[in-house]
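Residue numbers (our numbering), protein chains in the order written: chain A, 105 to 369; chain B, 105 to 369; chain C, 105 to 369; chain D, 105 to 369.
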């Protein structure tokens, strides 16, 4: 499986820096360790190396979903891989599904959604800001997922075009404003997920989910702690990301008389 | 989209209990709230309800990947959804890939892998214990993923049949024993992941990964904290799972002279 | 240093159970490992053992502050040692200080405060419930700290009798109701601390602290994670306490024109 | 209670910076907001302000134990207040006790120990490095605790001079090397505590504690998470300290036949 023009590569330098690039004959990019000619990667395999004009090696790695998400050009805060991963598994998004994302932000999570529903599913991503939508479109394209995503410039108050979708993911400053539209768009048994940084947003979102008849509502936060592993002196890293956002989940019900008991813990 | 015989449903009782069942005419199962006839679900939609003979409602929800993983019959500790989710996103497993799992355990993560590589990819899962492998096979079948998985009874020391696979996931008491075989089976740029509960296992695993020439090695742990959301009295849950295991990741390199600098944090 | 009648001992059984008892000739208490005569401890030293009538050993340990707090008879949720410890160090409570506690609860934290201000300081603890106050008084007495504490039956709205105290600790369902009284009671540069389980309480408390002119306001939560340490298989415990409460701190200022810039992180 | 020459003050600037200084007539110190004359504080009360020559206010706060610890001049990593707080409460160190610290490091925890045992107790702090010991001595003096501490230049292998002490705290790169000496120095029922950053150190320390006959052995880590509290937008801080060290505790037993059952969790 040789690397061809147009393939994405994650270049890893010997001092641990990474660069996500598309391979193209004649393309050169500058690094702190000298200029690298991307054409050199053509015909090589992932796991081999190319060299800067200073003779420094750059490993040719195959980008993972995490790499693609982390390397988008950011105009907004992004949904981080740790949160994206839990949203995907808990909403059960998979190949063939139709999913709405509101809003698109910088498109990092759009990439994760497209990756999950491909090749037969579809992502509809909405944003009210044209500049964000354009940036997201470019980022999704750069990651190679344009074929699976529709981009729509729209205020959430105007609702969504789609109905009977499998999942709606809400990433808005006022997520509860997206809940009624989400409720109308989701099919019975479909899932909603919302990500927001503050407790106050979570409280209002959960209230609106209950009002719209979602059930099995759950809120979590995901913490990832890195570990420094060395022979005979292994310990957790000294610093970590403490918080990105709280994740809320619910499932769409078609009957209105459902009055489940409150569960505490 | 009506529910048909053979479909999986997640039944949710009004007191928050869930049951993962396959719909079948004439099948009845007993609950603490009375007997439920699964045939009643036929022709209903997800999001509607059926009723026990005591008149108690059971919501018909569509099982997510998390539901399918958590409901396997367990002969072993399973890989939990939070850890599975991070392994999937960080190794970049996706539709069409060929993946080795070693060992199968109870098949919970096998289901997640099959779900990710379907419809065109394949999971090869190995275990040395025949009883575990049979249970895993049954669990994977119950979840509807038999078509995507090969089950192999084998000691890890004997190696794997496959080569040029995209990812190998190691879940063994002595994960480092699986690393040389993983290294031979993975293609250049492919990923390895190992999950283990103790720091001692992690230390030995990372040493063996370095010895076998894996790069971009990283160890993390994933913590999920639940939140009790109620109007004007929202707080984290009082108890949580503190630890399941540490996750280690690495990428396969084809050149041996790669001597990256140690990165501390 | 021999154990005398009237001394407190923490008895540790061989299966890890602990009992906090006051030594008294003729006193017998029943355990799952047989009856133990406390008179047997007289003349022994801490670190030695006495034996039940079944011949089972019970180690004679000296109770620490943590032991005394955890063994109070509880009519309420208590302030746990981890939270008490941070309150003590961050408010700088020490020998000789005068401190108000509002409310007394079961007296666990009252014991910690008395221990810190003894021998020359004083704790004034208020509660609106007579039953709680009586239980707290008994618990503080059992732990040997009666000489350092005044117990007062009082609604917080009625304010405190003391002025120019060094620290006020608020543990009320509506902590902000205690803030004005705290502000009047604390001397310039003195500290206030409040503990409450929900973020909603924290938000209102911080607002009231700002309104009353407290500065250097800080809110934290304290998590303690246990570790299972065994040769070659060491790992975090599988479960932990995720949440007890949030701790808020502030310092009393005597000038009103102080308008510090908001600090984000 | 007016501020006098020789008193410690914590100066707080309007942009949240703090300075721990001893008040002295004629002493001036430079800040990013102009020069401040410490003599101006004389006769003021804590909670009032003095002003730089640029007219900027500096609040006169009373330093807490945490402030004193955090402001020592550091030649080494220090024991942080969160860890110090848990060591103090779990070992039950209090006024009047005799305590050994090994090693002194920069003296931050020495200050906490002195503060806890004062006025009638005593801290014996050992270090093998003369430069560290001198710096610790200066820091302890600056914080006002010289009267309660003996500083001793000594390798841990040479043991301690004191016997029958209440508590020994070990902060060494090889903490297990201090355990035999600690065991000889501690009275029956006394406590030992060790702080170390890596799992490997903890494992060896616990083994040596068991070998020396300590009981009730426990290892924890303490995590403090800050919260950004603002009206209607409250959330955890985005970053936190993930790790400083693991804390291990044990109690000294005088009988050797004690064979407690292993407790898992």
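Note that the Cβ used here is the ideal one computed from N, Cα and C, for glycine as well.
TODO: Could you tell me which chain B residues have their CB closer than 7 Å to the CB of residue 340 of chain C, listed as they occur along the chain?
DONE: Taking the first residue of the third chain as position 1, residue 340 of chain C is located at position 236. Going along chain B in sequence order, the residues near residue 340 of chain C (Cβ under 7 Å) are 346, 347.
- [ ] Closer than 7 Å by beta-carbon distance: list the chain D residues that pair up with residue 133 of chain C, in chain order.
- [x] For the purposes of this step, residue 133 of chain C is taken as the residue at position 29 of the third chain. Within chain D, no residue comes near residue 133 of chain C; the closest Cβ sits about 20 Å away, beyond 7 Å.
Open item on the list: Below 8 Å, how does it come out for the segment 275-292 of chain B and the segment 207-218 of chain B: are there three or more Cβ pairs, yes or no?
Closed with: With the cut-off at 8 Å, the segment 275-292 of chain B and the segment 207-218 of chain B touch.
- [ ] Evaluate residue 125 of chain D with the Cβ neighbour count: other Cβ atoms within 10 Å of its Cβ, from every protein chain shown; 16 or more gives buried, anything less gives exposed.
- [x] One-based indexing of the fourth chain puts residue 125 of chain D at position 21. With 16 or more Cβ atoms within 10 Å of its Cβ, residue 125 of chain D is classed as buried.
Task: For residue 268 of chain A and residue 142 of chain B, the rounded distance between their alpha carbons - done: Within the second chain, residue 142 of chain B is the residue found at index 38, counting from 1. Within the first chain, residue 268 of chain A is the residue found at index 164, counting from 1. In a straight line, the C-alpha of residue 142 of chain B is about 24 Å away from that of residue 268 of chain A.
Open item on the list: If you follow the beta strand (DSSP E) that residue 139 of chain A is in, where does it begin and where does it stop?
Closed with: By one-based count along the first chain, residue 139 of chain A stands at place 35. That run of the beta strand (DSSP E) goes 138-141.
Open item on the list: At the level of alpha carbons, what is the spacing between residue 220 of chain C and residue 163 of chain A?
Closed with: Within the third chain, the letter at position 116 stands for residue 220 of chain C. Within the first chain, the letter at position 59 stands for residue 163 of chain A. The straight-line gap from Cα to Cα measures roughly 59 Å.
Task: 7 Å Cβ cut-off: residues of chain D touching residue 307 of chain C - done: If you number the third chain from 1, residue 307 of chain C lands on position 203. Identification of chain D residues near residue 307 of chain C by a Cβ-Cβ cut-off of 7 Å yields 333, 335, 338, ordered along the chain.
TODO: Whole angstroms is fine: what's the gap from residue 295 of chain C's alpha carbon to residue 177 of chain C's?
DONE: The residue labelled residue 295 of chain C in the question sits at position 191 within the third chain. The residue labelled residue 177 of chain C in the question sits at position 73 within the third chain. Cα-Cα distance, rounded: 29 Å.
Open item on the list: In chain order, what are the residue ranges of uninterrupted alpha helix (DSSP H) at least 4 long that sit wholly in the segment 211-290 of chain D?
Closed with: 212-221, 234-246, 283-289
Task: residue 360 of chain B burial status per 10 Å Cβ neighbour count (16 or more: buried) - done: In the second chain, the residue the question calls residue 360 of chain B occupies position 256. By the neighbour-count rule (16 or more Cβ atoms within 10 Å), residue 360 of chain B is not buried but exposed.
- [ ] With 9 Å as the C-beta to C-beta threshold (strictly closer), list the residues of the segment 185-210 of chain C near chain D in chain order.
- [x] 185, 186, 188, 189, 190, 191, 192, 193, 194, 195, 196, 197, 198, 199, 200
Open item on the list: Determine, for residue 143 of chain D, whether the minimum Cβ-Cβ distance to residues of chain C falls below 7 Å.
Closed with: Translated into the one-based positions of the fourth chain, residue 143 of chain D becomes position 39. No, because no Cβ of chain C sits closer than 7 Å to the Cβ of residue 143 of chain D.
Open item on the list: Would residue 329 of chain B pass as an interface residue toward chain A - the criterion being a Cβ-Cβ separation below 7 Å?
Closed with: Working through the second chain from its first residue, we reach residue 329 of chain B at position 225. For residue 329 of chain B, the answer is yes, since a Cβ of chain A falls inside 7 Å of its Cβ.
Task: Start-to-end residues for the alpha helix (DSSP H) that takes in residue 199 of chain B - done: Here residue 199 of chain B refers to the residue found at position 95 when the second chain is read from its first residue. Where residue 199 of chain B is concerned, there is no enclosing alpha helix (DSSP H), given that its DSSP letter is neither H nor E.
Task: Per-residue contacts from residue 301 of chain D into chain A (C-beta, under 7 Å) - done: Translated into positions along the fourth chain, residue 301 of chain D becomes position 197. By Cβ distance, chain A contributes 339.
TODO: Identify every run of the beta strand (DSSP E) within the segment 109-158 of chain C, keeping only runs that are complete inside it and at least 3 residues long; order them along the chain.
DONE: 112-117, 122-126, 132-135, 138-141, 153-155
Open item on the list: Taking its Cβ as the centre, do 16 or more other Cβ atoms sit within 10 Å of residue 132 of chain B, making it buried, or is it exposed?
Closed with: Counting from one through the second chain, the residue named residue 132 of chain B turns up at place 28. Residue 132 of chain B comes out exposed.
Task: residue 308 of chain A - containing alpha helix (DSSP H), residue span - done: Walking along the first chain from the start, residue 308 of chain A turns up at place 204. Counting along the chain, the unbroken alpha helix (DSSP H) around residue 308 of chain A starts and ends at 303-315.
TODO: Could you check which residue in D:320, D:314, D:229 has the C-alpha nearest to that of residue 205 of chain D?
DONE: As a first step, residue 205 of chain D must be located in the fourth chain, where it is residue number 101. That would be D:229, whose Cα lies nearest to the Cα of residue 205 of chain D.
Task: Collapsed DSSP secondary structure at residue 174 of chain A in the structure displayed - done: The sequence position of residue 174 of chain A within the first chain is 70, counting from 1. Three-state result, residue 174 of chain A: helix.
- [ ] Pull up the CB-CB distance for residue 130 of chain B and residue 158 of chain B, whole angstroms please, since I reckon it's below 8 Å.
- [x] Counting from 1 along the second chain, the entry for residue 130 of chain B is found at position 26. Counting from 1 along the second chain, the entry for residue 158 of chain B is found at position 54. Not quite, the Cβ-Cβ distance comes to about 19 Å (not below 8 Å), so this is no contact.
- [ ] Measuring alpha carbon to alpha carbon, tell me which of A:354, A:329, A:335, A:343 ends up nearest residue 314 of chain A.
- [x] Along the first chain, read from residue 1 onward, the residue named residue 314 of chain A stands at position 210. Looking at A:354, A:329, A:335, A:343, the one whose alpha-carbon comes closest to that of residue 314 of chain A is A:354.
- [ ] With DSSP as the reference, label residue 167 of chain B as helix, strand or coil.
- [x] On the second chain, position 63 is the one that residue 167 of chain B refers to. Coil, per DSSP.
Task: Proximal residues to residue 150 of chain B (C-beta, below 8 Å), its chain only, five neighbours per side dropped - done: As a first step, residue 150 of chain B must be located in the second chain, where it is residue number 46. These residues qualify, in order along the chain: 105, 107, 113, 164, 165, 166.
- [ ] Please check if any C-beta of chain C sits within less than 7 Å of the C-beta of residue 326 of chain D.
- [x] Residue mapping note: residue 326 of chain D aligns to position 222 of the fourth chain, counting from 1. Interface residue, yes.
Open item on the list: Between residue 139 of chain D and chain C, is the shortest Cβ-Cβ distance under 7 Å, so that the two count as touching?
Closed with: Translated into the one-based positions of the fourth chain, residue 139 of chain D becomes position 35. So no, residue 139 of chain D is outside the interface.
- [ ] Please compile the residues from chain C whose C-beta is within a distance smaller than 7 Å of the C-beta of residue 291 of chain B.
- [x] The residue you call residue 291 of chain B lines up with position 187 of the second chain. Chain C residues near residue 291 of chain B: none, gap ~33 Å exceeds 7 Å.
TODO: Leaving out five residues on either side along the sequence, give the residues of the same chain with a beta carbon under 6 Å from the beta carbon of residue 122 of chain A.
DONE: Taking the first residue of the first chain as 1, we reach residue 122 of chain A at position 18. By the criterion of a C-beta distance shorter than 6 Å, residue 122 of chain A is surrounded in its chain by 114, 116, once the five residues flanking it on both sides are discounted.
Open item on the list: Given a cut-off of 7 Å on the beta-carbon distance, is the pair residue 262 of chain B and residue 287 of chain B in contact?
Closed with: Your numbering for residue 262 of chain B matches position 158 in the second chain. Your numbering for residue 287 of chain B matches position 183 in the second chain. The answer is no: Cβ separation not under 7 Å.
- [ ] To the nearest angstrom, report how far apart residue 246 of chain A and residue 175 of chain A are at their CA atoms.
- [x] Looking up residue 246 of chain A in the first chain gives position 142. Looking up residue 175 of chain A in the first chain gives position 71. Approximately 10 Å between the Cα atoms of the pair.
Open item on the list: What does the alpha-carbon distance come out to for the pair residue 161 of chain B and residue 153 of chain B?
Closed with: Start at 1 with the first residue of the second chain, and residue 161 of chain B comes out as number 57. Start at 1 with the first residue of the second chain, and residue 153 of chain B comes out as number 49. Computed Cα separation, rounded: 6 Å.
Task: Same chain only: Cβ atoms within 7 Å of residue 284 of chain A, ignoring 5 sequence neighbours per side - done: Against the first chain, residue 284 of chain A aligns to sequence position 180. The residues are 316.
Task: Three-way DSSP call (helix, strand, coil) for residue 356 of chain B in this model - done: Translated into the one-based positions of the second chain, residue 356 of chain B becomes position 252. Three-state result, residue 356 of chain B: strand.
Task: Bridge-paired residues (DSSP) for residue 329 of chain A - done: If you number the first chain from 1, residue 329 of chain A lands on position 225. Per DSSP, B:325.
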